[in-house]
Amino acid sequence: MATYVLVPGGFHGAWCWEKLTPKLTAAGHRVFPLALPGVGERLGEARPDTGLNSHVRDVVDVLVSNDLHDTILVGHSYGGLVITGVADRAIERIGHLVYFDALVPRGNQSLGDLLPLDIRKMRRAAVKRGEGWQVPPPSLHMNRIPGIDGLFGVVDETDMRWVRENLTPHPLKCFEERLDLRHPERLDSLPRTYIHCTGGGWLFRLSRRFKPAYLPPTDPGWHHRGLPTGHDAMITMPEETAGVLTDLA
Numbered sequence: 241m242a243t244y245v246l247v248p249g250g251f252h253g254a255w256c257w258e259k260l261t262p263k264l265t266a267a268g269h270r271v272f273p274l275a276l277p278g279v280g281e282r283l284g285e286a287r288p289d290t291g292l293n294s295h296v297r298d299v300v301d302v303l304v305s306n307d308l309h310d311t312i313l314v315g316h317s318y319g320g321l322v323i324t325g326v327a328d329r330a331i332e333r334i335g336h337l338v339y340f341d342a343l344v345p346r347g348n349q350s351l352g353d354l355l356p357l358d359i360r361k362m363r364r365a366a367v368k369r370g371e372g373w374q375v376p377p378p379s380l381h382m383n384r385i386p387g388i389d390g391l392f393g394v395v396d397e398t399d400m401r402w403v404r405e406n407l408t409p410h411p412l413k414c415f416e417e418r419l420d421l422r423h424p425e426r427l428d429s430l431p432r433t434y435i436h437c438t439g440g441g442w443l444f445r446l447s448r449r450f451k452p453a454y455l456p457p458t459d460p461g462w463h464h465r466g467l468p469t470g471h472d473a474m475i476t477m478p479e480e481t482a483g484v485l486t487d488l489a
């Protein structure tokens with residue numbers, strides 16, 4: 241039996257793991273699907289000073305309070321930053337890091353360092369619709385153009401409605417704050433897997449080619465797996481995602 245801790249990406253909560261979690265528990269594994277402070281089911285905890293390192297501390301607390309060891313720590317999207325910080329502070333509790341179509345920081349970086357154009361848009365959106373400190377969730381803004389439609393790579397109408405209804409604002413500081421890594425040199429000792437979601441329309445695939453900063457380094461310390469679907473593969477391909485994760489147990 242393996243233990244999985246699932247860290248969501250921006251604007252998402254524990255709800256996004258609802259289709260995946262039963263697949264893992266049915267295989268006999270222990271699963272902790274998380275919501276981060278100020279986002280998703282914990283939106284009521286949002287404060288202007290809720291930042292990336294707040295999220296790191298919260299996940300570390302989950303590991304410690306549940307006395308978890310040899311954990312397979314999965315971070316989706318923005319969650320890649322979070323799990324990197326968690327590994328730095330609680331490496332003795334982690335057995336494998338999984339970057340699930342996620343950002344991979346090099347040292348003390350922020351999302352804004354990795355995606356400078358995106359952070360500008362987020363700041364403008366926060367000023368316009370989030371009182372200056374909350375980034376409103378993305379909406380279905382791609383106008384249903386063939387090949388690039390959907391929301392976080394979700395194109396099924398029922399699933400898309402569910403995603404749209406559950407997305408919440410996200411504190412801007414989470415995207416601006418840099419990681420506070422204390423022992424970055426130790427992270428290379430952990431097994432690391434990157435799950436690439438290779439679908440999502442031609443525009444999404446093209447954008448990845450021009451954003452190499454957030455992709456994993458091409459070194460032998462990384463294992464790579466692929467899923468032929470959009471960004472939220474835990475929603476669009478839960479069975480296949482579970483298969484990839486259970487292979488790591």
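Numbering (my numbering), first residue to last: 241 to 489. Just so you know, even glycine gets a beta-carbon here, dropped at the ideal spot from N, CA and C. Being a predicted model, the structure only gives us computed values, none of them experimental.
On the criterion of 16 or more Cβ atoms from any shown chain inside 10 Å, does E417 qualify as buried, or is it exposed?
The count along the sequence shown starts at 1 and reaches residue 417 at position 177. Flag for E417 reads buried.
Nearest-angstrom Cβ-Cβ length linking G372 and A342, presumed shorter than 8 Å
Position 132 of the sequence shown, counted from the start, is the residue given in the question as residue 372. Position 102 of the sequence shown, counted from the start, is the residue given in the question as residue 342. That belief does not hold up - the Cβ atoms of G372 and A342 are roughly 27 Å apart, past 8 Å.
Would you list, in sequence order, the uninterrupted beta strand (DSSP E) runs of no fewer than 3 residues that lie entirely inside the stretch 330-359?
334-340
State the Cα-Cα distance for the pair S429 and P457, rounded to the nearest angstrom.
Along the sequence shown, read from residue 1 onward, the residue named residue 429 stands at position 189. Along the sequence shown, read from residue 1 onward, the residue named residue 457 stands at position 217. C-alpha separation (whole angstroms): 15 Å.
Quick one: measure Cβ to Cβ for T311 and L427, integer angstroms, because I've assumed they're closer than 8 Å.
The sequence position of residue 311 within the sequence shown is 71, counting from 1. The sequence position of residue 427 within the sequence shown is 187, counting from 1. Wrong, their Cβ atoms sit about 15 Å apart, outside the cutoff.
Can you confirm whether V279, when its beta carbon is compared against all beta carbons of chain C, has any partner nearer than 8 Å?
Included in the structure is just one protein chain, with no chain C present.
Please identify the residue among M400, L260, L283 and R422 whose C-alpha is closest to the C-alpha of R329.
Locating residue 329 in the sequence shown gives position 89, counting from the first residue. Closest by alpha carbon: R422.
Under a three-way DSSP split, which group does D462 fall into?
Counting from one through the sequence shown, the residue named residue 462 turns up at place 222. Correcting the residue type first, residue 462 is Trp in the shown sequence and not Asp. Strand, per DSSP.
I believe H471 touches G393 by the beta-carbon criterion, under 8 Å. Please report the beta-carbon distance rounded to the nearest angstrom.
Taking the first residue of the sequence shown as position 1, residue 471 is located at position 231. Taking the first residue of the sequence shown as position 1, residue 393 is located at position 153. About 4 Å; that satisfies the 8 Å criterion.
List, from N- to C-terminal side, the alpha helix (DSSP H) runs of 4 residues or more that fit wholly inside the stretch 289-330.
292-305 and 319-329
Return yes when the Cβ of E480 is within less than 8 Å of the Cβ of L488, no when it is not.
Mapped onto the sequence shown, residue 488 falls at position 248. Mapped onto the sequence shown, residue 480 falls at position 240. Not closer than 8 Å, so no.
Considering just the uninterrupted stretch of the beta strand (DSSP E) at P273, what are its terminal residues?
As a position in the sequence shown, residue 273 is number 33, starting the count at 1. Here the beta strand (DSSP E) through P273 covers R270 to P273.
Segment limits, beta strand (DSSP E) that includes C437
Counted from its first residue, the sequence shown places residue 437 at position 197. Per DSSP, C437 belongs to the beta strand (DSSP E) from R432 to C437.
Under the three-state DSSP convention, the category T469 falls into
Numbered from 1 along the sequence shown, position 229 holds the residue referred to as residue 469. Three-state result, T469: coil.
Pick helix, strand or coil for T243, following the three-state DSSP scheme.
In the sequence shown, the residue the question calls residue 243 occupies position 3. Here T243 sits in strand by DSSP.
Could you tell me the boundaries of the alpha helix (DSSP H) in which T481 lies?
As a first step, residue 481 is located in the sequence shown; it is residue number 241 there, counting from the start. Counting along the chain, the alpha helix (DSSP H) containing T481 begins and ends at P478 to T486.
Specify the secondary structure class of P457 as computed by DSSP and reduced to three states.
Walking along the sequence shown from the start, residue 457 turns up at place 217. Note: P457 maps to coil in three-state DSSP.
Under the three-state DSSP convention, the category P411 falls into
Position 171 of the sequence shown, counting from 1, holds the residue named residue 411. In the structure shown, P411 sits in a strand (DSSP, three-state: E or B).
Which same chain residues, not among the five before or five after D420, have their C-beta less than 6 Å away from its C-beta?
Looking up residue 420 in the sequence shown gives position 180. Excluding positions up to five away in sequence, the list reads N293.
Is H269 near L407, with beta carbons less than 8 Å apart?
In the sequence shown, counting from the first residue as 1, residue 269 sits at position 29. In the sequence shown, counting from the first residue as 1, residue 407 sits at position 167. The answer is no: Cβ separation not under 8 Å.
Any idea if V344 is buried or exposed, counting beta-carbon neighbours within 10 angstroms, 16 or more meaning buried?
Position 104 of the sequence shown, counted from the start, is the residue given in the question as residue 344. Buried, since its Cβ has 16 or more Cβ neighbours within 10 Å.
Using DSSP with H/G/I as helix, E/B as strand and the rest coil, what is L419?
Position 179 of the sequence shown holds residue 419. Reduced to three states, the DSSP call for L419 is coil.
Pick from L485, T476, H410 and P478: whose alpha carbon is nearest that of A286?
Along the sequence shown, one-based indexing puts residue 286 at 46. That would be H410, whose Cα lies nearest to the Cα of A286.
Confirm, please, whether the CB-CB distance from T469 to L264 is below 8 Å.
Counting from one through the sequence shown, the residue named residue 264 turns up at place 24. Counting from one through the sequence shown, the residue named residue 469 turns up at place 229. Result no, Cβ atoms of L264 and T469 do not sit closer than 8 Å.
For A254 and R404, the rounded distance between their alpha carbons
Within the sequence shown, the letter at position 164 stands for residue 404. Within the sequence shown, the letter at position 14 stands for residue 254. Straight-line Cα distance between these residues: approximately 14 Å.
So the alpha helix (DSSP H) W402 belongs to, where does it begin and stop?
Here the question's residue 402 lines up with position 162 in the sequence shown. E397 to N406 is the extent of the alpha helix (DSSP H) around W402.
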